[in-house]
Amino acid sequence: MSGTRPDFVICIHGGAGTISRDTAPQRVALYRAGLAAALEAGQAVLADGGLALDAVQAAALAMEDNPCFNAGKGAVYNSQGRHELDACLMDGRNLACGALAGCTVIRNPIRAARRLLETSPHILLAGDGADRWAHAEGLDLVANQYFDDAFRFEQWQKACAADAVQRDHDDAKGTVGAVALDRQGNLAAATSTGGLTNKKFGRVGDTPIIGAGTYANNASCAVSCTGTGEQFMRHVAAYDIHARMTLAGSSLEAACRQLIDRTLQPGDGGLIAVDRDGNWQLAYNSAGMFRGVADSHGLFSVAIWED
30 MSGTRPDFVI CIHGGAGTIS RDTAPQRVAL YRAGLAAALE AGQAVLADGG LALDAVQAAA
90 LAMEDNPCFN AGKGAVYNSQ GRHELDACLM DGRNLACGAL AGCTVIRNPI RAARRLLETS
150 PHILLAGDGA DRWAHAEGLD LVANQYFDDA FRFEQWQKAC AADAVQRDHD DAKGTVGAVA
210 LDRQGNLAAA TSTGGLTNKK FGRVGDTPII GAGTYANNAS CAVSCTGTGE QFMRHVAAYD
270 IHARMTLAGS SLEAACRQLI DRTLQPGDGG LIAVDRDGNW QLAYNSAGMF RGVADSHGLF
330 SVAIWED
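For the sequence shown, this note's numbering assigns the number 30 to the initial residue and increments by one for each residue that follows.
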């Protein structure tokens with residue numbers, strides 16, 4: 030991105046992976062509509078002068094409530110036929126963050142992450158403890174069956190038959206995330222996921238790990254990752270972008286390309302990022318990535334493949 034610095038920017042993703050161009054047109058239309066709705070939700074907050082933190086939460090929430098995406102309502106099944114959800118939210122103003130892993134009854138994990146960020150001295154809660162905390166906080170809880178989805182169930186059955194674990198972004202559905210720069214110059218990042226289809230009970234990926242799948246710092250950038258979580262954890266991917274910028278003096282584009290093209294393996298996934306100057310990146314090394322970007326200059330775009 031180049032030109033005059035925008036007053037605000039928001040980028041979103043809905044997963045990156047082996048997204049076939051043969052996907053039914055009707056399904057592609059649903060994905061594009063879902064991305065556009067999430068992008069509009071975040072953009073509206075920023076256009077009204079709201080905080081980046083509120084904008085990324087709004088965008089992630091829209092995707093959690095859309096069964097097209099592997100987060101919230103569309104979360105995948107684990108090896109026991111249940112749903113375990115992860116989410117993370119980080120505020121670049123003060124490095125405040127909140128994350129949850131292995132949630133089973135929290136309707137919107139990204140809302141729970143926000144509550145944790147604002148009210149608790151802890152950063153990460155997991156499993157039954159996270160669910161119990163959410164109940165005590167009066168957050169909206171649902172039965173685990175609320176997350177059931179026919180497409181996801183069929184996907185899980187196929188994975189079980191093949192004794193395989195599918196990545197969260199395979200079969201054209203995946204982890205969701207958002208990053209934003211607001212009019213005040215603040216950065217924030219949000220990520221939410223159901224993880225891997227047929228994953229081992231208790232498995233936690235990069236999404237709720239600060240610095241791996243999610244990171245935001247007003248001194249540099251905000252990043253949200255999607256793909257093979259174990260790889261993003263190994264390379265502390267989201268923080269790596271910040272480190273390259275602050276320690277090596279890399280531009281956002283150079284830092285993202287170095288990570289995606291040289292550190293990660295082909296097909297590992299992708300990321301979205303925005304820096305304090307309003308530069309943004311939607312970078313991936315897989316067949317495609319559900320993504321979108323909007324800014325104060327009137328840019329509004331959603332895409333899946335390299336068109």
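Just so you know, even glycine gets a beta-carbon here, dropped at the ideal spot from N, CA and C.
Once DSSP output is grouped into helix, strand and coil, what is the label at H271? In the sequence shown, residue 271 corresponds to position 242, counting from 1. In this structure, H271 counts as helix in the three-state DSSP scheme.
Where does the unbroken alpha helix (DSSP H) through R61 begin, and where does it stop? As a working note, residue 61 is residue 32 in the sequence shown. Looking at the DSSP string, the run of the alpha helix (DSSP H) that includes R61 is 54-76.
Environment of K102 [buried if 16+ CB atoms lie within 10 Å]: Sequence index remark: in the sequence shown, residue 102 carries index 73 (1-based). That one is buried.
Taking the alpha-carbon of A84 as reference, which of A277, A104, F37 has the nearest alpha-carbon? By one-based count along the sequence shown, residue 84 stands at place 55. Distance check between A84 and each of A277, A104, F37 places F37 closest, using alpha-carbon atoms only.
Since T148 is in the alpha helix (DSSP H), which residue starts that stretch and which ends it? To locate residue 148, count along the sequence shown from 1; it is residue 119. Boundaries of the alpha helix (DSSP H) around T148: 138-148.
When DSSP labels each residue in this structure, what does W309 get in the three-state scheme? By one-based count along the sequence shown, residue 309 stands at place 280. When DSSP states are grouped into helix, strand and coil, W309 belongs to the strand group.
Please report the Cβ distance between G43 and M92, rounded to the nearest whole angstrom; I am assuming they are in contact, meaning their Cβ atoms lie under 8 Å. Here residue 43 refers to the residue found at position 14 of the sequence shown. Here residue 92 refers to the residue found at position 63 of the sequence shown. The C-beta distance from G43 to M92 rounds to 6 Å, short enough to meet the 8 Å contact threshold.
Output the residue ranges of the beta strand (DSSP E) runs that lie fully inside the segment 232-289 and measure 3 residues or longer, sorted by chain position. For secondary structure counted as the beta strand (DSSP E) over 3 or more consecutive residues, the segment 232-289 holds these complete runs in sequence order: 243-245, 250-256.
Hey, G223 and V105: beta-carbon distance below 7 Å or not? Here residue 223 refers to the residue found at position 194 when the sequence shown is read from its first residue. Here residue 105 refers to the residue found at position 76 when the sequence shown is read from its first residue. With contacts defined by Cβ atoms closer than 7 Å, G223 and V105 form a contacting pair.
Can you tell me whether R320 is helix, strand or coil according to DSSP? Walking along the sequence shown from the start, residue 320 turns up at place 291. Shown here, R320 sits in a strand according to DSSP, grouped into three states.
For my contact list, I333 and A312 are in at a C-beta cut-off of 8 Å; report their separation, rounded to the angstrom. By 1-based counting over the sequence shown, the position of residue 333 is 304. By 1-based counting over the sequence shown, the position of residue 312 is 283. Between A312 and I333 the Cβ distance is about 15 Å, and since that is not below 8 Å, they are no contact.
Cutoff 6 Å; reference A65; Cβ partners in own chain excluding five residues on either side: In the sequence shown, counting from the first residue as 1, residue 65 sits at position 36. Excluding residues within five positions, the ones whose Cβ falls inside 6 Å are V331.
In three-state DSSP terms, what is N107? The count along the sequence shown starts at 1 and reaches residue 107 at position 78. Looking at N107 - three-state DSSP - the assignment turns out to be strand.
Euclidean distance between Cα positions of H198 and D235: Against the sequence shown, residue 198 aligns to sequence position 169. Against the sequence shown, residue 235 aligns to sequence position 206. Model confidence at H198 stands at a pLDDT of 42, short of 50, so the residue's coordinates are unreliable; what they give is reported in the following sentence. A straight-line Cα-Cα distance of about 13 Å links H198 and D235.
Can you tell me whether DSSP reads H164 as helix, strand or coil? Stepping through the sequence shown from its first residue, residue 164 is reached at position 135. Per DSSP, reduced to three states, the secondary structure at H164 is helical.
Taking 7 Å as the threshold (C-beta atoms), are T255 and G299 in contact? Stepping through the sequence shown from its first residue, residue 299 is reached at position 270. Stepping through the sequence shown from its first residue, residue 255 is reached at position 226. Cβ atoms of G299 and T255: closer than 7 Å.
Counting along the chain, where does the alpha helix (DSSP H) carrying C97 start and finish? Counted from its first residue, the sequence shown places residue 97 at position 68. Annotation for C97: no alpha helix (DSSP H) segment contains it, and DSSP assigns it neither H nor E.
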